[in-house]
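Asks:
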Amino acid sequence: MSKIGIIIQREYVSRVMKKSFLLLTFLTPIFMAAMIILPMWITTLKDETVKNIVVVDNTRSLRDVLKSSEQYTFVFTDTSIDDIRKERSDKTTSNKKNELSAVLYISEDLVENPNAVTIYSEKQINVELKSYIANQLNNYVRDKKLEALNIQDLKEKIEQSKSNIKITTIKWDSSGKEKEGSAEMALIIGMVSAFLIYIFIMSYGSQVMSGVLQEKTSRIVEVIISSVKPFELMMGKIIGIALVGLTQFTIWIVFTLILTGIGTAIFGPGFNTSSMSEAVQMGQTVSEGDSAEMISKVMTMLSGFDFVKVSVLFLLYFLGGYLLYASLFAAIGSAVDNETDTQQFSMPITLPIIFALFIGIYASQSPDSALAFWGSMIPFTSPVVMMARVPYDVPMWQILLSLAVLVGSFIASTWLAGKIYRTGILMYGKKVSWKELWKWLRVK
Amino acid sequence: MKQYAGHRALDGVSLEIPKGTVYGLLGPNGAGKTTLIRIINCITAPDSGEVLLNGKKLQLEDVRNIGYLPEERGLYKKMKVGEQAVYLARLKGMSKADALKSLKYWFEKFEIQDWWGKKVEELSKGMAQKVQFITTILHEPELLIFDEPFSGFDPVNADLLKREILALRDQGTTIIFSTHNMESVEELCENISLVHKSKVVLQGNVAEIRASHASDSLFVKTADAVTLENCDIISQIQKNGAFETTLKKRNEKSNNEILQEIIAQTQVYSFEELLPTMNDIFIRTVTKA
């Protein structure tokens, strides 16, 4: 094995075998899956106990309106509301308490006074019950009002006049073929991949920096560079850590998919994307047909995206951006003597990445603006910004140009970093300045 | 010659190191010793001049024939001792199997087998130095360079190390030895170079250097007090029933003539010429320059 191979192996193995790596790598997917599954699971949780609601109806017209359901049983009574309260506060009849959840009191005709409804209870009643009752009463009042207008078949006419507009977005590709697209999906995919690239460059770039610094402060570096060239040591570290990043990323994706798959299988086909909206519009039932339609809709939206292209570009931009930044981080790590000094020197490197994230967020909303274009061309921001634009079908020449610039830049930055590194790692106890770094660059 | 921006670290330095000897590289801090060693190790390149190994120009591949124990040395703190030793050996071009075999031998020899699975951060400084010494010599290089090898060692382990260094020399290894500890120079080195302010100010065989710096001082232990015409008496003390006298010759009389003079006066227990220590020579040369 070549020497650089041995270095890559050590960097890789020593990081992958670390407890913190294993913990982070395997817990994150579990956390991610939990984030996806938990809200779905919560919406499937239903209170199984049947609630008894006593209805005191002064209008005596609602007996057919409030229908008992699986969860709620409405019991109509002629007892006055005051009597019920007295009865319930009476200790001797306290055994009855458990059977009764709430008292619904309707004091007047609702068509005239919609506020004439009160629910009395000892425990706070839930929103679902409230909206269930409100729904039923609303329908009743509306029907009553429509009847009062005395127009024939009005109810049917209104039903027919209801509309539900769904806009389908379809993209024509160069050969004129149709592809169903989704602006929302493009936004989400763009943002997620831009953010992932940002996180990866930041965290793995600074791992390179602290790795170099550790070698310098533990004084092992001189022993090693009496065996290998400084450039080999630097590249070995950068490549080794890149492989750690790719490993972690792969494990995350595979695990999240597996865990989400298992979760979906356990909770069955009963939950789907529509159960989320169901949770929001509580009380309104979504028919089976609707949810099936939603699923197929999401599936077609997803299949409209060229995931292979997005993944390949993600990989390329991750590697390009990482190599560009990691070499600079390595140079900084070699130049300073301790952790606190890294702050001062890493600032000019971390700032462009942070800028890139902001431009990326902006670019995912207006992907064809000038800022987004230039952001995706300049190598310091292009990995993040271009990933935000990719789901919107960026012209091929732009991608190729931006990749070419990126590759050229990381070759240049690695070369420069190698020069600083070579001098920096053997320099102890000397406070470095930007001027000093410039001098190192010019050393033959 | 090595030129750094602003100052010249090495200037016209030329050493010839005989094969199979221990060569001392001396000099005060900042004299340029480390720069010279780094040039020999191909860590830095000279601006002019060259390094020959076995008469041939030193190539980058030759570093596998060199073992270097730098003054600023360390190990990966979180890595296990054994793994680390194998790693460093492999970087020198050894195969994993060879490295393991050879390490087993040395770990047994130094009786440190039970450190194998320990992390370096659990070792004391002296213990870590021992491991470093082993990793330096493990690949059986032709040329060994030790920069302050004894720092951090207790006397017992320093002695063990000295014995190993001499044993390596006897096996034909050439050793460059850089130190401030002049006693060990006298003990170990055949030849030395004293570097001061980027230049070699003193070079040669240790015994010859000491002889040439002889200050005509004599030490004599006798039964009675002595007085000599041709010598100044520096000091004379009575100890355990004997007189110990330090003399300085005033003219070109041979030691034999002086000894005869003393014998005529009293009984002689011991007589020796006082050679300056390397420490004296070092201080004198550096302060004079």
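Line order of the protein sequences matches chains P and U.
Position 12 (the first sequence) corresponds to 854 in the numbering used here; numbering is contiguous.
Position 112 (the second sequence) corresponds to 132 in the numbering used here; numbering is contiguous.
Glycine included, each C-beta is placed from N, C-alpha and C at the ideal position.
Here the structure is a predicted model, which is why all the values come from computation and not from measurement.
Under 9 angstroms between C-beta atoms, does U:E168 make it to chain P?
Replies: For this step, residue 168 of chain U is matched to residue 148 along the second sequence. No - not a single Cβ of chain P is within 9 angstroms of the one on U:E168.
Asks: Can you tell me which of P:L1166, P:S1153 and P:R1231 puts its alpha carbon nearest to the alpha carbon of P:F1252?
Replies: On the first sequence, position 410 is the one that residue 1252 of chain P refers to. Cα-wise, what sits closest to P:F1252 is P:L1166.
Asks: By how many angstroms is the C-alpha of P:K1281 removed from the C-alpha of P:L1161?
Replies: On the first sequence, position 319 is the one that residue 1161 of chain P refers to. On the first sequence, position 439 is the one that residue 1281 of chain P refers to. About 30 angstroms.
Asks: Out of P:M1033, P:W1257 and P:A990, state which residue places its alpha-carbon closest to the alpha-carbon of P:S1208.
Replies: Here residue 1208 of chain P is taken as the residue at index 366 of the first sequence, counted from 1. Residue P:M1033 is the option with its Cα nearest to P:S1208.
Asks: Is the stretch 71-80 of chain U touching the stretch 220-238 of chain U in the sense that three or more CB pairs, one from each, lie closer than 8 angstroms?
Replies: Counting Cβ pairs under 8 angstroms, fewer than three are found: no touch.
Asks: So for P:S1117, helix, strand or coil by DSSP?
Replies: Counting from 1 along the first sequence, the entry for residue 1117 of chain P is found at position 275. Here P:S1117 scores only 44 on pLDDT, less than 50, and its place in the model is too uncertain to base an answer on.
Asks: Determine the chain P residues that contact U:R230 at a beta-carbon separation under 7 angstroms, and present them in chain order.
Replies: Counted from its first residue, the second sequence places residue 230 of chain U at position 210. Near U:R230 there are no residues of chain P at all, since even the closest Cβ is about 33 angstroms away, more than 7 angstroms.
Asks: Which two residues bound the contiguous beta strand (DSSP E) that contains U:D167?
Replies: Start at 1 with the first residue of the second sequence, and residue 167 of chain U comes out as number 147. Start and end: L163 to D167.
Asks: Within 8 angstroms: the Cβ of P:V1178 and any heavy atom of the ligand HEM?
Replies: Among the components of this structure there are no ligands whatsoever, and the ligand HEM is therefore not found.
Asks: Using a 10 Å radius around the Cβ and a threshold of 16 neighbouring Cβ atoms, would you call P:P1221 buried or exposed?
Replies: Locating residue 1221 of chain P in the first sequence gives position 379, counting from the first residue. Buried.
Asks: When we look at the beta-carbon of P:F1187 and count the other beta-carbons within 10 Å, is it buried (16 or more) or exposed?
Replies: Your numbering for residue 1187 of chain P matches position 345 in the first sequence. Per the 10 Å Cβ criterion, buried.
Asks: Taking DSSP as the reference, what is the three-state secondary structure of U:W136?
Replies: In the second sequence, the residue the question calls residue 136 of chain U occupies position 116. Looking at U:W136 - three-state DSSP - the assignment turns out to be coil, as it is neither helix nor strand.
Asks: Curious, which full-length beta strand (DSSP E) runs of at least 3 residues does the stretch 170-222 of chain U contain?
Replies: The qualifying runs are 194-198 and 211-216.
Asks: Along chain P, which residues have their Cβ under 7 angstroms away from the Cβ of U:M99?
Replies: For the purposes of this step, residue 99 of chain U is taken as the residue at position 79 of the second sequence. Correct list: S856.
Asks: Measure the alpha-carbon distance for P:A1173 versus P:K1261 and round it to whole angstroms.
Replies: Residue 1173 of chain P sits at position 331 when you count from the first residue of the first sequence. Residue 1261 of chain P sits at position 419 when you count from the first residue of the first sequence. Distance between the alpha carbons of P:A1173 and P:K1261 is about 8 angstroms.
Asks: Less than 8 angstroms between the CB atoms is what I'm expecting for P:I1066 and U:L45, so what's the real figure, rounded?
Replies: For the purposes of this step, residue 1066 of chain P is taken as the residue at position 224 of the first sequence. For the purposes of this step, residue 45 of chain U is taken as the residue at position 25 of the second sequence. About 22 angstroms; that fails the 8 angstroms criterion.
Asks: Checking contacts by CB at 9 angstroms: is U:M21 closer than that to chain P?
Replies: Here the question's residue 21 of chain U lines up with position 1 in the second sequence. Only weak support is given to the placement of U:M21: the predicted model assigns it a pLDDT of 42, under 50, and the value that follows is read from those uncertain coordinates. Judged by the 9 angstroms Cβ criterion, U:M21 is not in contact with chain P.
Asks: Taking C-beta to C-beta, are P:L952 and P:A944 nearer than 9 angstroms?
Replies: In the first sequence, residue 952 of chain P corresponds to position 110, counting from 1. In the first sequence, residue 944 of chain P corresponds to position 102, counting from 1. No, the pair does not count as a contact, with Cβ atoms beyond the cut-off.
Asks: For U:I257, which beta-bridge partners are listed by DSSP?
Replies: As a working note, residue 257 of chain U is residue 237 in the second sequence. Paired residue(s): U:E264.
Asks: Take every Cβ of the stretch 267-276 of chain U, pair it with every Cβ of the stretch 234-254 of chain U, and state whether three or more of those distances are shorter than 8 angstroms.
Replies: Taking 8 angstroms as the limit for Cβ pairs, the verdict is that the stretch 234-254 of chain U does touch the stretch 267-276 of chain U.
Asks: Does the separation of the CB atoms of U:H216 and U:P296 fall below 9 angstroms?
Replies: Counted from its first residue, the second sequence places residue 216 of chain U at position 196. Counted from its first residue, the second sequence places residue 296 of chain U at position 276. Contact flag unset, no.
Asks: By the three-class DSSP mapping on this structure, what secondary structure does P:L1268 have?
Replies: Position 426 of the first sequence, counted from the first residue, corresponds to residue 1268 of chain P. P:L1268: coil per DSSP, three-state reduction.
Asks: Quick check on P:Y1204: does DSSP put it in helix, strand or coil?
Replies: The residue you call residue 1204 of chain P lines up with position 362 of the first sequence. Three-state DSSP puts P:Y1204 in a helix.
Asks: Out of P:G1217, P:A1254, P:S1255 and P:I1012, which has the shortest C-alpha to C-alpha gap to P:Q1240?
Replies: Residue mapping note: residue 1240 of chain P aligns to position 398 of the first sequence, counting from 1. The option with the nearest alpha carbon to P:Q1240 is P:G1217.
Asks: Taking the alpha carbon of U:V151 as the reference point, which residue from U:E292, U:A243, U:R93 and U:G69 has its own alpha carbon closest?
Replies: On the second sequence, position 131 is the one that residue 151 of chain U refers to. Comparing Cα positions, the closest option is U:R93.
Asks: Can you list the residues of chain U that P:I1066 reaches, using a CB-CB cut of under 8 angstroms?
Replies: Taking the first sequence and counting its residues from 1, one reaches residue 1066 of chain P at position 224. By Cβ distance, chain U contributes L108 and L111.
Asks: Reducing DSSP to helix, strand and coil, say where P:T1011 ends up.
Replies: Indexing the first sequence from 1 puts residue 1011 of chain P at position 169. DSSP places P:T1011 in strand when its eight states are reduced to three.
Asks: Less than 7 angstroms between C-beta atoms, sequence neighbours within five positions excluded: which residues of the same chain meet that for U:Q149?
Replies: Start at 1 with the first residue of the second sequence, and residue 149 of chain U comes out as number 129. For U:Q149, where only same-chain residues beyond five positions count, the Cβ hits under 7 angstroms are G172 and F173.
Asks: So, with DSSP's three-state summary, where would you put U:L238?
Replies: To locate residue 238 of chain U, count along the second sequence from 1; it is residue 218. DSSP places U:L238 in strand when its eight states are reduced to three.
Asks: Using CA coordinates, which residue listed in P:V1232, P:A1177 and P:L869 is at the minimum distance from P:S1052?
Replies: As a first step, residue 1052 of chain P must be located in the first sequence, where it is residue number 210. For P:S1052, the nearest C-alpha among the options comes from P:A1177.
Asks: So which residues on chain P does U:N61 lean against when the C-beta distance must stay under 7 angstroms?
Replies: Numbered from 1 along the second sequence, position 41 holds the residue referred to as residue 61 of chain U. Under the 7 angstroms cutoff, chain P gives S1068.
Asks: Using only alpha-carbon positions, find the residue among P:G1103, P:V1274 and P:P1225 that is nearest to P:A876.
Replies: What you label residue 876 of chain P is simply residue 34 of the first sequence in a count that begins at 1. Comparing Cα positions, the closest option is P:G1103.
Asks: For U:M13, which of P:L1101, P:S856 and P:Q966 has the nearest alpha-carbon?
Replies: Limits of chain U in this structure are 21 at one end and 309 at the other, which puts residue 13 of chain U out of reach.
Asks: Run through the DSSP bridge pairs and tell me what U:S290 is partnered with.
Replies: Numbered from 1 along the second sequence, position 270 holds the residue referred to as residue 290 of chain U. Beta-bridge pairing links U:S290 to U:K241.
Asks: Beta strand (DSSP E) containing P:K893: first to last residue?
Replies: Locating residue 893 of chain P in the first sequence gives position 51, where the first residue counts as 1. Counting along the chain, the beta strand (DSSP E) containing P:K893 begins and ends at K893 to D899.
Asks: I'd like the list of long-range same chain contacts for U:L123, defined as Cβ closer than 8 angstroms, with 5 residues on each side in sequence excluded.
Replies: Locating residue 123 of chain U in the second sequence gives position 103, where the first residue counts as 1. The residues are G102, A105, V106, A109, I154 and L158.
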